[in-house]
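The structure appears right after this line, and notes come after that.
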Amino acid sequence: MKPMNSKRGITLMELMVVIAIMGILSTVAVPKLFGFEEKAREKIDLLKLYDLRNALNLALIEDDAAMDVYDPVTGKDIPGVDRAQMSKKLHDGLSSKTGATLFVIELHQKTSINVQGSHGSANNTYNICQMVGDAGTFYNALRDANFDGVAEIIADRIPDKVSYVDHGGDTYTSKSFTNSQGKTYYRTAPIRKLFQSKALNFGKIDDNTRYSLSLRWTNPGDPYSVEVYMLPNGKDWESAYLTDNGTCFSTYGRKGCRNSRKK
Numbered sequence: 014m015k016p017m018n019s020k021r022g023i024t025l026m027e028l029m030v031v032i033a034i035m036g037i038l039s040t041v042a043v044p045k046l047f048g049f050e051e052k053a054r055e056k057i058d059l060l061k062l063y064d065l066r067n068a069l070n071l072a073l074i075e076d077d078a079a080m081d082v083y084d085p086v087t088g089k090d091i092p093g094v095d096r097a098q099m100s101k102k103l104h105d106g107l108s109s110k111t112g113a114t115l116f117v118i119e120l121h122q123k124t125s126i127n128v129q130g131s132h133g134s135a136n137n138t139y140n141i142c143q144m145v146g147d148a149g150t151f152y153n154a155l156r157d158a159n160f161d162g163v164a165e166i167i168a169d170r171i172p173d174k175v176s177y178v179d180h181g182g183d184t185y186t187s188k189s190f191t192n193s194q195g196k197t198y199y200r201t202a203p204i205r206k207l208f209q210s211k212a213l214n215f216g217k218i219d220d221n222t223r224y225s226l227s228l229r230w231t232n233p234g235d236p237y238s239v240e241v242y243m244l245p246n247g248k249d250w251e252s253a254y255l256t257d258n259g260t261c262f263s264t265y266g267r268k269g270c271r272n273s274r275k276k
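Below you can see the structure in the form of structure tokens.
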């Protein structure tokens, strides 16, 4: 008896089945792969918040009154800003539910990030961006945590109460943008990319979504260290920005987002 021929080829039907299976697997695996990459970028951005928190807390270790120092832009005290009032606003904010706002980012679906010191619809009650200046605790902390360009943007927007900075600087760019109402303004962003993730570079809607970078005492009842977080407008420290991937942009950890999904 002759042995059976074992060199049978793949039939067209078998090939079609294999291709169909590979197609199904790709629709499942590829999105998960891209989701993993975005989540990794979000974690990198979260680490920047920890770096900022650590820089601020190191300043407090070295000098327990470090954040009382008001450092306006060189040679320019801001008209109408009282140093004692600014210090009080800082300490009131650090003990409040929202925290004290250091600066604001605007995310848009179709254009780049916009950085500014303050905005009326971005947790503005305890905004302390005037305290950044060009020296001192906040300025140094931003630089140490690789928030390059942020202090310079704040400085250029504040002194003359400029709403729309139509020029760039050594560390930031300024690009014109016309909104859906036909109004043109300028979006300022650091030359060195501030964040890596889509979550902190692009919004979900064709309009601005604002988040304030805020800080608060870890425990207001025993104020010795601060926490840092990204806060949606009108929310408090327990409702920090929570991404679709589950990244909580708060150095409080999970408790910083325990109310973020609540409607």
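When you read off a place in the sequence shown, starting at 1, and then add 13, the result is the number in our numbering.
Note that the Cβ used here is the ideal one computed from N, Cα and C, for glycine as well.
None of these values were measured; they are calculated from a predicted model.
Backbone secondary structure at residue i - three-state DSSP
i	result
residue 271	coil
residue 188	strand
residue 150	helix
residue 63	helix
residue 54	helix
residue 241	strand
residue 78	coil
Counted within 10 angstroms of its Cβ, other Cβ atoms place residue i as buried (16 or more) or exposed
i	result
residue 248	buried
residue 121	buried
residue 7	For the chain, the structure presents residues 14 to 276; residue 7 sits outside this window and is missing.
residue 98	exposed
residue 198	exposed
residue 162	buried
residue 102	buried
residue 80	buried
Identified DSSP bridge partners for residue i
i	result
residue 251	Partner(s): none; residue 251 has no beta bridge.
residue 256	None, per the DSSP bridge assignment.
Residue j beta carbon less than 8 angstroms from that of residue i
i	j	result
residue 59	residue 154	no
residue 52	residue 258	yes
residue 151	residue 207	no
residue 193	residue 220	yes
residue 273	residue 55	no
residue 187	residue 201	yes
residue 185	residue 167	no
residue 279	residue 127	For the chain, the structure presents residues 14 to 276; residue 279 sits outside this window and is missing.
Output the residue ranges of the beta strand (DSSP E) runs that lie fully inside the region 98-154 and measure 3 residues or longer, sorted by chain position.
-> You should have 113-120 and 127-129.
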